[in-house]
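A quick write-up on the structure given underneath.
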Amino acid sequence: MQDTHTASALLKALKALTALTALTALTALTALTAYPLAGAWAQEGDVGGKGIEVPVSPGQVSRVLIALPPAINQGGAPDTIGLSERLITSVERGLKISGYFDLLDKELLPQDSTAEGMTPSFPSWFNAGAQGLIKGAFALEGDSVKVTLKLFNVDLKTPVTLEGGVDEPVTLSRDPSVLQAHVLRFVDQVIKHYTGTLGFFSTSIVAVRRGQGTKSVVRVTPDGATVSNITTSGKINILPSLSKGRVYFTSYRGNGPHLFLYERGTVKSISARPGINTGAVLSPNGNLLAVTLSHEGSSDIYLLDPSSGDIRRRLTANRGIDISPAWSPDGSQLAFVSDREGTPQIWVMNADGSGQRRVTFLGRYNQSPAWSPKGDQIAFTSRDEQFVFDIFTIDPKDPNKITRLTQNQGNNEEPSWSPDGRHIVFSSTRSGRAELYIMTSDGFTQRQLTQGGGFETPYWGE
Amino acid sequence: MRASLRWATLALLALSLAACGGAGRAKGSLTSAVEALELARKTGCPHESLPLAERTYEEAKRLLEEGKYEESEAKSRVARQLAQEAARASGGQPCPAEAVTVVSPATDAFPPEATAPTSEAAAVEEMRVVYFKYDSAQLTEESIATIERNLRWLRAHPDKQVELGGHCDVRGTAEYNIALSERRADAVRGYLLKSGVPEQAMSVVGYGSEAQVSFREDEEGHRLNRRVEFKVR
Chain Z
1 MQDTHTASAL
11 LKALKALTAL
21 TALTALTALT
31 ALTAYPLAGA
41 WAQEGDVGGK
51 GIEVPVSPGQ
61 VSRVLIALPP
71 AINQGGAPDT
81 IGLSERLITS
91 VERGLKISGY
101 FDLLDKELLP
111 QDSTAEGMTP
121 SFPSWFNAGA
131 QGLIKGAFAL
141 EGDSVKVTLK
151 LFNVDLKTPV
161 TLEGGVDEPV
171 TLSRDPSVLQ
181 AHVLRFVDQV
191 IKHYTGTLGF
201 FSTSIVAVRR
211 GQGTKSVVRV
221 TPDGATVSNI
231 TTSGKINILP
241 SLSKGRVYFT
251 SYRGNGPHLF
261 LYERGTVKSI
271 SARPGINTGA
281 VLSPNGNLLA
291 VTLSHEGSSD
301 IYLLDPSSGD
311 IRRRLTANRG
321 IDISPAWSPD
331 GSQLAFVSDR
341 EGTPQIWVMN
351 ADGSGQRRVT
361 FLGRYNQSPA
371 WSPKGDQIAF
381 TSRDEQFVFD
391 IFTIDPKDPN
401 KITRLTQNQG
411 NNEEPSWSPD
421 GRHIVFSSTR
431 SGRAELYIMT
441 SDGFTQRQLT
451 QGGGFETPYW
461 GE
Chain E
463 MRASLRWATL
473 ALLALSLAAC
483 GGAGRAKGSL
493 TSAVEALELA
503 RKTGCPHESL
513 PLAERTYEEA
523 KRLLEEGKYE
533 ESEAKSRVAR
543 QLAQEAARAS
553 GGQPCPAEAV
563 TVVSPATDAF
573 PPEATAPTSE
583 AAAVEEMRVV
593 YFKYDSAQLT
603 EESIATIERN
613 LRWLRAHPDK
623 QVELGGHCDV
633 RGTAEYNIAL
643 SERRADAVRG
653 YLLKSGVPEQ
663 AMSVVGYGSE
673 AQVSFREDEE
683 GHRLNRRVEF
693 KVR
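Same order as they appear, the protein sequences are chains Z and E. Under our numbering, think of the first position of the first sequence as 1, with each following residue one higher. Under our numbering, think of the first position of the second sequence as 463, with each following residue one higher.
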């Protein structure tokens, strides 16, 4: 797991100033006003109460420094299955990807911290600089393992009792996925302790992964530890969305881009009309499916019955390209892309197709809208004059409020919000390969989710 | 009116070719070479002749830019022969699992059933690829000349069906590229329709940027990917 935290606030502002395009010039102002503030907050922190509070509003970020020493073997049996390593690695991965924590350098950990057992000697952890401490213990017992994870508040010198009993000792099977699931439940509660809201590890991300001559729809756990295939057809399968356990995707397994639904292990055809059948997303209440079809001419946006694929309503009708529908969280509106005025731009309309209005006016190429779960922002991909792609957010009610979330790190595309709206998953080529990244919704902390390359078009759902 | 415009375009093209003389012939040879290369890149496991063909093509291109038309033409002919040899040698067979391929590891080559059956190989070779400008579906003089060439073959084979497959370069978002590629294929279809090709003889598929022929991330690679392919069925 590579930590790719963005440049410092000052550097960011300077870089933004040097950029020459209209869009970057505008966002430079945003960067100047918002980021120095963020930097100041990150320095100070707020000791007392539960320890460091992590404000989640944009521009106010501080990360908690957690010490994560090696796990303690409490049983008689030697650790022959690498459990200690797996336990600590899983916790570390979860903490890092959440963006709320930094981990104390391994060299700074107190010597022989296992000797103190599960009752920490707080001064040594405090002197090492840790704000929080997570200790893990395990015991191999026949076919099962007993695991204990515990969070301590170093500032207050007290153990923390987490909700849901996740810090109680549990007996688990040796199946690695069972251990991983337990660890992520624990990390979710650690996040809740510090931020007031549960983490995102009970959610799921779908994406596309390139293979040899194929593209598969895959499911990625939000800690990046597991990537599993949803499609196995060995054809081109793309543009997935995930909602209520249903994965809609586009496939060329027939004679064109057709829509399919994957649900509980089975794949079913939803729309195979002539031309384009893409971009299916379920409405928040699950009653309608917004899609792009072109059987009546150029591509337009329609609402379908989510199971039968029958057309319920046509929402757009013009000669331009209308694609990429994205629901507002209350289901009353849709954001979409239209090039009816010459260049692809973000538009918004009511869910009955009325009130169509353009939202983005800067730049010549704005695409892949994603409406935030709080409803106040639309994230999108924008291309600048140098053919570099970056992610921005815009306030649909006030198109002058644009914020840049990525800059000077390869191409960054296809944003999708976490269900709670605190994070965004996106694809980026900053490492030289196409990987998925997760950032906090203000762009302040950005961390790599996947390894191995070939990842595209992530969609975050449940 | 459309027909007269077309004739004017062709006349203009003929004039410019005549005016350039050697330059025109060299450019023509270069185009043939690049088409043979594209076919070779798509045909099964890349043969060892392919990198050689690529290098020879690059030399031909450089010579053309330097105004050495005759040398460029000769190089182009060699590049074309090498590319055809590479395509024949691979026989359309996919690479063995462990083989190191010349193309990038994350290849987007299209599933086998989507490529033309071998019995139609001759017909496919007759069909030229129509190219487009960035983010555009507009037919240029050059692309109209290519369509006219393909049109002659289609008129001579009224029993054949043709799939017009639209494609984009890899830049841009996936869904927009599908729509743009369909728009490109529609533009070619519209031209063919006005030229008398029956509606039922044509189908259109927007492949977006899902079936790249070049994996080079430079201008030349992008140019080769922005295309409409005529696939005879």
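Yeah, the Cβ is synthetic: ideal placement off N, Cα and C, and Gly gets one too.
Between Z:Val-91 and the set Z:Gln-189, Z:Val-267 and Z:Asn-127, the nearest pair of CA atoms involves Z:Gln-189. For E:Leu-642, the residues of chain Z that pass the 8 Å Cβ criterion are Ile-321, in the order they occur in the chain. DSSP places Z:His-258 outside any alpha helix (DSSP H); the residue lies instead in the beta strand (DSSP E), whose first and last residues are 258 to 263. Proximity of Z:Ser-368 to chain E, defined by a Cβ-Cβ separation below 8 Å, is satisfied. The residues Val-281, Ser-283, Pro-284, Ala-290, Leu-334 and Trp-371, in chain order, have a CB closer than 7 Å to that of Z:Trp-327 in the same chain once the five nearest residues on each side in sequence are set aside. Rounded to whole angstroms, Z:Leu-239 and Z:Asn-277 show a C-alpha spacing of 11 Å. If you check the CB distance, E:Leu-626 and E:Asp-597 do not come in under 8 Å. In the three-state DSSP reduction, Z:Gln-180 falls in the helix class (H, G or I).
Annotation note: the segment 93 to 177 of chain Z contains the following uninterrupted alpha helix (DSSP H) runs of length 4 or greater, listed N- to C-terminal: 122 to 127. For Z:Tyr-302, the CB contacts under 6 Å within the same chain, skipping 5 residues up- and downstream, are Val-291, Leu-293, Ile-311 and Arg-314 in chain order. Interface residue (Cβ-Cβ distance to chain Z less than 8 Å): E:Gly-683 is not classified as such. The alpha helix (DSSP H) runs of length 4 or more contained entirely in the segment 602 to 657 of chain E are, from start to end of the chain, 603 to 618 and 636 to 656. CA-to-CA, the gap between Z:Thr-381 and E:Tyr-653 works out to about 33 Å. Look at Z:Asn-412 here: in three-state DSSP terms it is strand.
Counting along the chain, E:Glu-681 sits inside no beta strand (DSSP E); it lies in the alpha helix (DSSP H) bounded by residues 681 to 687. In the structure shown, E:Gly-486 falls within a helical segment according to DSSP collapsed to helix, strand and coil. By the Cβ criterion, the segment 595 to 612 of chain E is not in contact with the segment 198 to 209 of chain Z, since fewer than three pairs of Cβ atoms, one from each stretch, lie closer than 8 Å. Here the alpha carbon of Z:Leu-149 sits roughly 48 Å from the alpha carbon of Z:Met-349. Of all alpha-carbon atoms in Z:Thr-89, Z:Asn-127 and Z:Gln-131, the one lying nearest the alpha-carbon of Z:Val-64 is that of Z:Gln-131. Considering only beta carbons, the part of the segment 611 to 638 of chain E lying closer than 8 Å to chain Z consists of Arg-633, Gly-634, Thr-635, Ala-636, Glu-637 and Tyr-638, in chain order. For Z:Glu-435, the enclosing beta strand (DSSP E) starts and ends at 435 to 440. Per the C-alpha coordinates, the member of E:Gly-486, E:Val-667, E:Glu-681 and E:Arg-678 positioned closest to E:Gly-529 is E:Gly-486. Contact annotation: in the segment 514 to 546 of chain E, no residue has its CB less than 7 Å from a CB in chain Z.
The three-state secondary structure of Z:Glu-341, taken from DSSP, is coil. Excluding its 5 nearest sequence neighbours in each direction, Z:Asp-79 has C-beta neighbours in its own chain below 6 Å: Asn-73, listed in chain order. Taking 8 Å as the upper bound for CB-CB distance, Z:Leu-242 and Z:Gly-461 are in contact here, some 3 Å apart. Residues are counted here when their Cβ sits less than 9 Å from a Cβ of chain E; for the segment 263 to 296 of chain Z these are Pro-274, Gly-275, Ile-276, Thr-278, Gly-279, Thr-292 and Ser-294, given in chain order. Those residues of the segment 644 to 662 of chain E placed with their C-beta closer than 9 Å to a C-beta in chain Z are Glu-644, Arg-645 and Asp-648, ordered along the chain. Burial check for Z:Gly-94: the Cβ neighbour count within 10 Å reaches 16 or more, so the residue is buried.
Residue contact check for E:Glu-672 against chain Z: a CB pair falls below 8 Å.
When secondary structure is reduced to three states using DSSP, Z:Lys-374 falls in the coil class, being assigned neither helix nor strand. E:Gly-490 is outside the set of residues whose beta carbon lies under 8 Å from a beta carbon in chain Z.
Taking a C-beta cut-off of 9 Å against chain E, the contacting residues of the segment 236 to 262 of chain Z are Ile-236, Ile-238, Leu-239, Thr-250, Tyr-252, Arg-253, Asn-255, Gly-256 and Pro-257, listed in chain order. Counting only Cβ-Cβ distances below 9 Å, E:Val-667 has contacts in chain Z at Tyr-252, Asn-255, Gly-256, Pro-257 and Gly-275, in chain order.
Z:Pro-396 is positioned such that its CB atom lies no closer than 8 Å to that of Z:Gln-367. At a cut-off of 8 Å between C-beta atoms, Z:Val-337 counts as an interface residue with respect to chain E.
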